[in-house]
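Trainee: Okay, handing you the structure first.
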Amino acid sequence: MTATTAGVLFILSLVAALVAVHKPFGDYIYRVVSGSEQSRMERGIYRLVGVNPAAEQSWGVYARSVLAFSAVSILFLYGFMRLQNHLWLSLGLDPVMTHGAWNTAVSFVTNTNWQWYSGESTMGHLVQMAGLAVQNFVSAAVGIAVAVALVRGFARSRTGDLGNFWVDLTRITLRILLPISVLGALVLMAGGVVQNLSAGTEITTLTGGSQTITGGPVASQEVIKELGTNGGGFYNANSSHPFENPTTWTNWLEIFLLLVIPFSLPRVFGRMVGQVRQGYAIAAVMAVLALASITLTNMFELTGNGTVPQAVGAALEGKEVRFDVSNSATFAAATTLTSTGAVNSFHDSYTALGGMMPLVNMMLGEVAPGGVGAGLYGLLILAVITVFVAGLMVGRTPEYVGKKIGSREIKLASLYFLITPALVLIGTAAAFATGNNSTALNVGPHAMSEVLYAFTSASNNNGSAFAGITVSTPWWNTALGLCMLLGRFLPIIFVLALAGSLARQQPTPASEGTLPTHRPLFVGMVVGVTVILVALTFLPALALGPLAEGL
Amino acid sequence: MRLPNWLAQHLAALRALLVFTVLLGLAYPLALVAVGRVPGLAEKADGSLVAADGRTVGSALIGQSFTDPDGNPVPRYFQSRPSAAGDGYDPTATAASNLGPESVVDTISNDPEESTRSLLTQVCARSRAVGELDGVDGRRPYCTVDGVGAVLAVFRADGLSGPVTRVVSVNQVAPATPFLTSYEGVPVELAQPGEDYVAAGGLVTPIRGDAPADPAVPADAVTASGSGLDPHISPAYAELQVNRVARERDADPAEIRRLVGEHTTGRSLGFMGEPGVNVLELNLALDREFPAR
Numbered sequence: 001m002t003a004t005t006a007g008v009l010f011i012l013s014l015v016a017a018l019v020a021v022h023k024p025f026g027d028y029i030y031r032v033v034s035g036s037e038q039s040r041m042e043r044g045i046y047r048l049v050g051v052n053p054a055a056e057q058s059w060g061v062y063a064r065s066v067l068a069f070s071a072v073s074i075l076f077l078y079g080f081m082r083l084q085n086h087l088w089l090s091l092g093l094d095p096v097m098t099h100g101a102w103n104t105a106v107s108f109v110t111n112t113n114w115q116w117y118s119g120e121s122t123m124g125h126l127v128q129m130a131g132l133a134v135q136n137f138v139s140a141a142v143g144i145a146v147a148v149a150l151v152r153g154f155a156r157s158r159t160g161d162l163g164n165f166w167v168d169l170t171r172i173t174l175r176i177l178l179p180i181s182v183l184g185a186l187v188l189m190a191g192g193v194v195q196n197l198s199a200g201t202e203i204t205t206l207t208g209g210s211q212t213i214t215g216g217p218v219a220s221q222e223v224i225k226e227l228g229t230n231g232g233g234f235y236n237a238n239s240s241h242p243f244e245n246p247t248t249w250t251n252w253l254e255i256f257l258l259l260v261i262p263f264s265l266p267r268v269f270g271r272m273v274g275q276v277r278q279g280y281a282i283a284a285v286m287a288v289l290a291l292a293s294i295t296l297t298n299m300f301e302l303t304g305n306g307t308v309p310q311a312v313g314a315a316l317e318g319k320e321v322r323f324d325v326s327n328s329a330t331f332a333a334a335t336t337l338t339s340t341g342a343v344n345s346f347h348d349s350y351t352a353l354g355g356m357m358p359l360v361n362m363m364l365g366e367v368a369p370g371g372v373g374a375g376l377y378g379l380l381i382l383a384v385i386t387v388f389v390a391g392l393m394v395g396r397t398p399e400y401v402g403k404k405i406g407s408r409e410i411k412l413a414s415l416y417f418l419i420t421p422a423l424v425l426i427g428t429a430a431a432f433a434t435g436n437n438s439t440a441l442n443v444g445p446h447a448m449s450e451v452l453y454a455f456t457s458a459s460n461n462n463g464s465a466f467a468g469i470t471v472s473t474p475w476w477n478t479a480l481g482l483c484m485l486l487g488r489f490l491p492i493i494f495v496l497a498l499a500g501s502l503a504r505q506q507p508t509p510a511s512e513g514t515l516p517t518h519r520p521l522f523v524g525m526v527v528g529v530t531v532i533l534v535a536l537t538f539l540p541a542l543a544l545g546p547l548a549e550g551l
Numbered sequence: 001m002r003l004p005n006w007l008a009q010h011l012a013a014l015r016a017l018l019v020f021t022v023l024l025g026l027a028y029p030l031a032l033v034a035v036g037r038v039p040g041l042a043e044k045a046d047g048s049l050v051a052a053d054g055r056t057v058g059s060a061l062i063g064q065s066f067t068d069p070d071g072n073p074v075p076r077y078f079q080s081r082p083s084a085a086g087d088g089y090d091p092t093a094t095a096a097s098n099l100g101p102e103s104v105v106d107t108i109s110n111d112p113e114e115s116t117r118s119l120l121t122q123v124c125a126r127s128r129a130v131g132e133l134d135g136v137d138g139r140r141p142y143c144t145v146d147g148v149g150a151v152l153a154v155f156r157a158d159g160l161s162g163p164v165t166r167v168v169s170v171n172q173v174a175p176a177t178p179f180l181t182s183y184e185g186v187p188v189e190l191a192q193p194g195e196d197y198v199a200a201g202g203l204v205t206p207i208r209g210d211a212p213a214d215p216a217v218p219a220d221a222v223t224a225s226g227s228g229l230d231p232h233i234s235p236a237y238a239e240l241q242v243n244r245v246a247r248e249r250d251a252d253p254a255e256i257r258r259l260v261g262e263h264t265t266g267r268s269l270g271f272m273g274e275p276g277v278n279v280l281e282l283n284l285a286l287d288r289e290f291p292a293r
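As you go down the protein sequences, you meet chains A and B in turn.
All residue numbers for the first sequence refer to full-length UniProt numbering, where the first residue is 1 and numbers rise by one.
All residue numbers for the second sequence refer to full-length UniProt numbering, where the first residue is 1 and numbers rise by one.
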């Protein structure tokens, strides 16, 4: 079997697995987020936290709960890193410097997991497992909770109630993320991922050199890193590290884990609004964009254009032998189509166009299928914009799943959409204006790509990098921290406001004039709107970076 | 006393965070550490350490360098891929090179500390070195025979166009011989250390040359991996090294080839990933079966 055939089968097997799982798993998530029975552990947690699980929240209270939880989490993580030298399992590492601790605290709370540091030489085991990995769970749960609140806005009518954030957070964490993580961690351990508290084993190599075999609670963090579309590696080398991703099948499993929740959430949407076909339409939009992107990334990388790949004979720099070109490209596409940002190969050394694809994936707003929760609410916003555009074109009243898209709704949707491009482009411009682009490792258009990639990744809460650029300076840590913070929470506020405004409406029965939003025509329109919006926004910037290098 | 609403909310948030920290940050990972002590799993959870003569010599999953203290390959061992992790295969500094596909111009300074080699030159130099070690043709496209990137800075009368006025081979300095004597009729000069010909307006022009499109030295032998710890080499790179290792150990190449086969991992389920040869395990097996003279 040729490498290309194997690579295609690899992709097809992932598609088959997701098709098989999204329905039962989506139904399970639906039951978790709409059920009200309580386990003993949940009752205990509600009592400890001091919330009444039966109390419903308006959009404002829901949003303030999200923000309060995230603010407390950032402060807690910041303090944790600043004090790590006094704590158990610190491995003798120094406290993290101020701007670095700020950046990382924001990074993990916003589900970005951008990393300016090398895990193995910066973070002790306790900070990793009890600080960073906890956020891997709860920031993922926050994303799903916000998406569910938006869907409740579509599903409910004449009410201000959007559910209870604390209940959603608890149920999603305990019933979805934790059980799969326990199972997944055990499977990864069986594949060779380490799970210990060792500070490292000093050994003498066969030829008499010395090497430190690192340890750490890696498997428990690795699984939620993928499942929660977080992406922050225990080690600097992330999922290319043999202790995080030792075999070709753990690689498959990790890609599956990072796609499974985002691709199952459209089913939850369909179930909650009582029309499963609406969910299929959303899933179809995600699938079309994702397959196109994965295919293109594979083609560009397997073709291997560019001087160095031509000299080498393959685009193999920064890639592992066991994953080779195709499975690396598939991982790269999947990790940036979702908001994961884990890497099993280093995008900076990709071919010019192959390296542009992760950038474009993030610029799509991470909706194909996007981060856990964030992908669904991002795509629903695009669907709202699409019905509005379609309404303008044919003079039909914009409606989506029984709700009118009036001026308040479209304003909120537009504000949502404008935030990340503004952050990306202003941030990139600011880096050049202040000379901070000079920390890029490469020169010419590739240096432009490195800066653009950094801001795109941070503002879209992805976290992957064109890792040549040095971002451990105060300016970079502060600027990217701000982008991550604003790129996460402003959209969340607009989404919840939109949810509140939708929930208050009474349902509009479908009429002759209603645009059907479950047909292929609509799927094609959403794809078109997404691609055109992104192209209009980012083509000039791309032309200065990867396009200049690759064409 | 009733707390203000915003304060109550933040207190609830803090309590929730603490509950989740205990549950997800301590109970969950520590329970898995405990499960990792179970026989059968423990060996893997601890890092798949391997021993020879009762001494731990590494991890089956982590590559290592098979070089002498000066960094030269030890010829009786199969060699790993190039590594960008620290000084090579350093698990406390895992890294890739992060150099891009058009990293083709070296920075050559009189101070070696300030000099940096482009990715292209690194590839060319590695290919030449492997070719010499294993007795094959180390030439590659876009590489000079002396093992640097074959790249010209071409100066034209009107900047981007017009007749060529000056040509510099940017990665070659004296006493090298320019890899081309002339380009469009203009003689090719060697680079001077400390000069930046790109900033001076030279157009970067890599020259393909006449090296075979399918070089004898495989791709993985001239590229650094993502982790810098890649435990594998491709079967092709292993095959290239068989004769040298057999010679160094007075063994039949067919026997060495058999050992290579035994330490080759195929694709999982027949289609996942690519086959790789685990270098450390292969070298350990060699030391057991064919101890060096």
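Beta carbons are placed, not taken as given, at the ideal position from N, Cα and C, and that holds for glycine.
These numbers were taken from a predicted model, which means no experiment stands behind them.
Quick one, which residues of the stretch 231-246 of chain B are near chain A if we go by CB-CB under 9 Å, in chain order?
Mentor: Pro-231, His-232, Ile-233, Ser-234, Tyr-237
Trainee: CB-CB under 7 Å to A/Thr-204, same chain, minus the five flanking residues each way: which ones, in chain order?
Mentor: In the first sequence, the residue the question calls residue 204 of chain A occupies position 204. Closer than 7 Å at Cβ, skipping near neighbours: Ser-210.
Trainee: What does B/His-10 reach in chain A if we use C-beta pairs closer than 8 Å?
Mentor: Counting from one through the second sequence, the residue named residue 10 of chain B turns up at place 10. The answer, in chain order, is Ala-68, Ala-71, Val-72.
Trainee: So if I threshold CB-CB distances at 7 Å, which residues from the stretch 57-74 of chain B count as touching chain A?
Mentor: Val-57, Gly-58, Ser-59, Leu-61, Ile-62, Gln-64, Ser-65, Phe-66, Thr-67, Asp-68, Val-74
Trainee: Using DSSP with H/G/I as helix, E/B as strand and the rest coil, what is A/Val-134?
Mentor: Here residue 134 of chain A refers to the residue found at position 134 of the first sequence. Helix at A/Val-134.
Trainee: For a quick check, are the C-beta atoms of B/Val-217 and B/Gly-131 less than 7 Å apart?
Mentor: By one-based count along the second sequence, residue 217 of chain B stands at place 217. By one-based count along the second sequence, residue 131 of chain B stands at place 131. Result yes, Cβ atoms of B/Val-217 and B/Gly-131 sit closer than 7 Å.
Trainee: Quick one: what's got a C-beta closer than 7 Å to A/Phe-80's C-beta in the same chain, skipping five residues either side?
Mentor: Residue numbering aside, residue 80 of chain A sits at position 80 when the first sequence is read from its first letter. Excluding positions up to five away in sequence, the list reads Val-127, Gly-131.
Trainee: Short of 7 Å in beta carbon distance, which residues of its chain neighbour A/Leu-364, apart from the five on each side in sequence? Order them along the chain.
Mentor: In the first sequence, residue 364 of chain A corresponds to position 364, counting from 1. For A/Leu-364, where only same-chain residues beyond five positions count, the Cβ hits under 7 Å are Leu-289, Thr-530, Val-534.
Trainee: What residue does the beta strand (DSSP E) around B/Ser-169 start on, and which one ends it?
Mentor: Mapped onto the second sequence, residue 169 of chain B falls at position 169. B/Ser-169 -> beta strand (DSSP E) spans 161-173.
Trainee: Looking only at DSSP bridge pairs, what is B/Tyr-183 linked to?
Mentor: Stepping through the second sequence from its first residue, residue 183 of chain B is reached at position 183. Bridge partners of B/Tyr-183: B/Val-186.
Trainee: Can you list, in chain order, the residues of its chain whose CB lies under 8 Å from that of A/Thr-330, leaving out five sequence neighbours each side?
Mentor: Stepping through the first sequence from its first residue, residue 330 of chain A is reached at position 330. Hits under 8 Å: Gly-7, Phe-10, Ile-11, Leu-14, Ile-255, Ile-294, Thr-297, Asn-298.
Trainee: For A/Leu-206, would you say it is in contact with chain B, using Cβ-to-Cβ distances shorter than 7 Å as the test?
Mentor: Working through the first sequence from its first residue, we reach residue 206 of chain A at position 206. Proximity of A/Leu-206 to chain B, defined by a Cβ-Cβ separation below 7 Å, is satisfied.
Trainee: Contact criterion: CB-CB distance below 7 Å. Does B/Gly-131 meet it with respect to chain A?
Mentor: Locating residue 131 of chain B in the second sequence gives position 131, counting from the first residue. Taking Cβ atoms only, chain A never reaches closer than 7 Å to B/Gly-131, which makes this a no.
Trainee: Pair every Cβ in the stretch 314-323 of chain A with every Cβ in the stretch 236-248 of chain A, then say whether three or more of these pairs are closer than 8 Å.
Mentor: yes
Trainee: Classify B/Val-154 as helix, strand or coil using the three-state DSSP reduction.
Mentor: Here residue 154 of chain B is taken as the residue at index 154 of the second sequence, counted from 1. In this structure, B/Val-154 counts as strand in the three-state DSSP scheme.
Trainee: At a threshold of 6 Å, does A/Pro-179 count as lining the ligand COA (C-beta to nearest heavy atom)?
Mentor: Among the ligands in the structure shown, none appear at all, so the ligand COA cannot be discussed.
Trainee: So which residues of chain A does B/Leu-26 contact, with C-beta pairs closer than 7 Å?
Mentor: The count along the second sequence starts at 1 and reaches residue 26 of chain B at position 26. The answer, in chain order, is Ala-130.
Trainee: For residue 615 of chain A, which residues of its own chain have a beta-carbon under 8 Å away from its beta-carbon, when the five flanking residues on both sides are left out?
Mentor: The structure shown does not extend to residue 615 of chain A, since chain A spans only 1 to 551, so no value can be given for it.
Trainee: Going residue by residue through the stretch 205-269 of chain A, where are the continuous alpha helix (DSSP H) segments of at least 4 residues, counting only ones entirely within it?
Mentor: 218-227
Trainee: Is DSSP giving residue 295 of chain B helix, strand or coil here?
Mentor: Summary: the structure shown does not reach residue 295 of chain B, with chain B confined to residues 1 through 293, and so no result is reported for it.
Trainee: Go through the stretch 184-268 of chain B residue by residue and report every complete run of the alpha helix (DSSP H) that reaches 4 residues or more, in order.
Mentor: 235-248, 253-262
Trainee: Of all the CB atoms in chain A, is at least one closer than 7 Å to the CB of B/Ala-219?
Mentor: Translated into positions along the second sequence, residue 219 of chain B becomes position 219. Chain A contact via Cβ: present.
Trainee: Can you tell me which of A/Gly-313, A/Leu-206, A/Gly-354, A/Asp-324 puts its alpha carbon nearest to the alpha carbon of A/Ala-333?
Mentor: In the first sequence, counting from the first residue as 1, residue 333 of chain A sits at position 333. Answer by Cα proximity: A/Gly-354.
Trainee: Comparing the C-beta of A/His-241 with each C-beta of chain B, is any distance below 7 Å?
Mentor: For the purposes of this step, residue 241 of chain A is taken as residue 241 along the first sequence, with counting starting at 1. Yes, A/His-241 lies at the interface with chain B (some Cβ there is under 7 Å from its Cβ).
Trainee: Do B/Asp-230 and B/Gly-63 have their C-beta atoms closer together than 7 Å?
Mentor: Residue numbering aside, residue 230 of chain B sits at position 230 when the second sequence is read from its first letter. Residue numbering aside, residue 63 of chain B sits at position 63 when the second sequence is read from its first letter. Result yes, Cβ atoms of B/Asp-230 and B/Gly-63 sit closer than 7 Å.
Trainee: Which residues, in chain order, does the stretch 211-244 of chain A contribute to contact with chain B at a C-beta distance below 7 Å?
Mentor: Those residues of the stretch 211-244 of chain A that come within reach of chain B (Cβ to Cβ, closer than 7 Å) are Gln-211, Thr-212, Ile-213, Thr-214, Gly-215, Pro-217, Ala-219, Ser-220, Tyr-235, Asn-236, Ala-237, Ser-240, His-241, Pro-242, Phe-243.
Trainee: Excluding the 5 residues preceding and the 5 following B/Gly-226 in the sequence, name in chain order all residues of the same chain whose CB lies nearer than 8 Å to its CB.
Mentor: The count along the second sequence starts at 1 and reaches residue 226 of chain B at position 226. So the list reads Ala-96, once near-sequence residues are dropped.
Trainee: Can you find a C-beta in chain C that's less than 7 Å from the C-beta of B/Phe-271?
Mentor: Protein chains A and B are contained in the structure displayed, whereas chain C is not.
Trainee: Identify, in the order they occur along the chain, each residue of the same chain with its Cβ nearer than 6 Å to the Cβ of B/Val-242, setting aside the five sequence neighbours on each side.
Mentor: By one-based count along the second sequence, residue 242 of chain B stands at place 242. Contacts found: Pro-253, Ile-256, Arg-257.
Trainee: List, in chain order, every chain A residue whose beta-carbon is nearer than 7 Å to that of B/Leu-119.
Mentor: Walking along the second sequence from the start, residue 119 of chain B turns up at place 119. Val-308, Glu-317, listed in chain order.
Trainee: How would you label A/His-86, buried or exposed, when you count the other beta carbons within 10 angstroms and need 16 or more for buried?
Mentor: Numbered from 1 along the first sequence, position 86 holds the residue referred to as residue 86 of chain A. Exposed is the call here.
Trainee: If you compare alpha carbons, which of A/His-518, A/Ser-198, A/Trp-88, A/Leu-174 is closest to A/Gly-44?
Mentor: Taking the first residue of the first sequence as position 1, residue 44 of chain A is located at position 44. Out of A/His-518, A/Ser-198, A/Trp-88, A/Leu-174, A/Leu-174 has the C-alpha closest to the C-alpha of A/Gly-44.
Trainee: Who are the neighbours of B/Asp-214 on chain A, taking C-beta pairs under 9 Å?
Mentor: For the purposes of this step, residue 214 of chain B is identified with residue 214 of the second sequence, where counting begins at 1. Simply Gly-313.
Trainee: Measuring only between beta-carbons, confirm whether A/Asp-348 sits less than 7 Å from chain B.
Mentor: Numbered from 1 along the first sequence, position 348 holds the residue referred to as residue 348 of chain A. Yes, its Cβ sits closer than 7 Å to a Cβ of chain B.
Trainee: Under 8 Å Cβ-Cβ, which residues of chain B neighbour A/Arg-175?
Mentor: Working through the first sequence from its first residue, we reach residue 175 of chain A at position 175. Per Cβ cutoff of 8 Å: no residues; A/Arg-175 is ~13 Å from chain B at best.
Trainee: If A/Val-389 sits next to A/Leu-379, beta carbons under 8 Å apart, how far is it from one beta carbon to the other, in whole angstroms?
Mentor: By 1-based counting over the first sequence, the position of residue 389 of chain A is 389. By 1-based counting over the first sequence, the position of residue 379 of chain A is 379. Incorrect: roughly 15 Å between the Cβ atoms, too far for contact.
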